[in-house]
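Remarks on the structure that follows.
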């Protein structure tokens, strides 16, 4: 049985950006970190992805 690989996300420009979102409990990105999104990402996280500040790791 193949495991489903979850998408990881990172900051588009880690030299000038950071993301710290507390409505999800404690979701943060800094530097070159790559993380999976929380199970039910908040509207704030989705807005930052849509705006291009947080991007999917390719």
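Residue numbers (my numbering): 6 to 63. Just so you know, even glycine gets a beta-carbon here, dropped at the ideal spot from N, CA and C.
Exercise. Is residue 37 helix, strand or coil when you go by DSSP?
Worked result: Reduced to three states, the DSSP call for residue 37 is coil.
Exercise. Who are the near neighbours of residue 14 in its chain, counting only those whose CB is closer than 8 Å to its CB and skipping five residues on each side?
Worked result: These residues qualify, in order along the chain: 34, 39, 40, 41, 42, 54, 59, 60, 61, 62.
Exercise. Which residues share a DSSP beta bridge with residue 2?
Worked result: Residue numbering for the chain in the displayed model covers 6 to 63; residue 2 lies beyond these limits and cannot be assessed.
Problem set entry | Residue environment, residue 16, which counts as buried when at least 16 other CB atoms sit within 10 Å | Answer is buried; the Cβ neighbour count reaches 16.
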